[in-house]
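Here's the structure, in C-alpha cells; my notes come after.
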Amino acid sequence: MNCLTPTVLRPQALNAAAFAPFGAVLEGFATPPAQARPINDHSCWRLDLPWELQFGQAGGRPGLAIYRADARRFPLPVQVLERHALASQSFIPLEGSRFVMVVARPQALPGPDDVQAFISNGHQGVLLHPGTWHHALLAVDAGSFVVLERHPPPGALPDCELSTLAETLLLSLD
C-alpha cells in the first residue's frame, strides 16, 4: 500500500449469502417462502427466522431503540470498528433509508484486509452475530432505524469493544 493513497473500500449489494459470515439479512417477501405459515385467518404470513438472538449473557436483556441517523458524506474514512461479544445486534431501516454496513469476522483484532462493506437497498436490515466487528451506523440516506441490542444489567459496563485498524480505509460509493 502506498502511504499517500488510502485503500478504497467499495460496498457490494447486501445479500444473504455474502453476509452470512457476519450475520443475517432481514427483508420482506412478496411470495411466502415454504417455511412461512398463514396466520390471522390467512390474511398474513408468518416466517419464523432460524437465528437465535443472544442478549441474556452476563445478565443482559434485550433492548429496542429507534435511532435517527443523518446521511453521511462519502467517501468516508474508516478507522475504528466496534463489536459486542455478548450479544446480537440488528439495524432495520424504517423509512427506506439505505445504509452501509462495514464488517469483519469475529476474531481477536481485524486487519484492513479483513474488512468488507455491504450496502442495503433501504428495505433490508441486518442482524449481526455476537462478536462481529462493525462500524457505527453509516446512513446513505437520513432516516430512522429500529435497533435491537443488549442492555447490560444495572451498574455493568456496556458490551462494546473498539479496535483501531492499522490502516485507515476510504469507504467510497463510487
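Quick note: to get our numbering, add 1 to the position in the sequence shown (first position is 1). We treat Cβ as the ideally placed atom computed from N, Cα and C, and that holds for glycine.
Residue span of the beta strand (DSSP E) that contains residue i, given as start and end
| i | result |
| --- | --- |
| A17 | Counting along the chain, A17 falls outside any beta strand (DSSP E), though it belongs to the alpha helix (DSSP H) covering 17 to 20. |
| S89 | Here S89 belongs to no beta strand (DSSP E), and DSSP marks it neither H nor E. |
| L10 | 8 to 10 |
Reduced DSSP secondary structure (H/G/I, E/B, other) of residue i
| i | result |
| --- | --- |
| Q108 | coil |
| Q80 | strand |
| A59 | helix |
| L113 | In the sequence as displayed, the identity of residue 113 is Pro instead of Leu. Helix, per DSSP. |
| S164 | strand |
| P155 | coil |
Minimum C-alpha distance to residue i - residue among the options
| i | options | result |
| --- | --- | --- |
| H130 | V81, A105, P76 | A105 |
| G29 | L172, W134, F20, V127 | V127 |
| T165 | P159, H135, L15 | H135 |
| S173 | A25, R38, V101, L54 | V101 |
| A35 | D160, L50, N122, T6 | L50 |
| L138 | R73, A37, R62, L170 | R73 |
| H124 | A19, A109, G61, A140 | A140 |
| Q108 | A59, E162, L77, P94 | E162 |
Cβ distance (whole Å) where residue i is taken to contact residue j below 8 Å
| i | j | result |
| --- | --- | --- |
| T169 | V79 | 7 Å |
Checklist entry - Is the segment 87 to 94 close to the segment 105 to 120, with three or more CB pairs under 8 Å? => result no
Next on the checklist: Can you confirm whether the segment 56 to 76 touches the segment 134 to 152 when touching is taken to mean that 3 or more C-beta pairs between the two stretches lie within less than 8 Å?
Outcome noted: yes
Next on the checklist: For the pair the segment 117 to 126 and the segment 9 to 18, tell me if three or more CB-CB distances fall below 8 Å.
Outcome noted: yes
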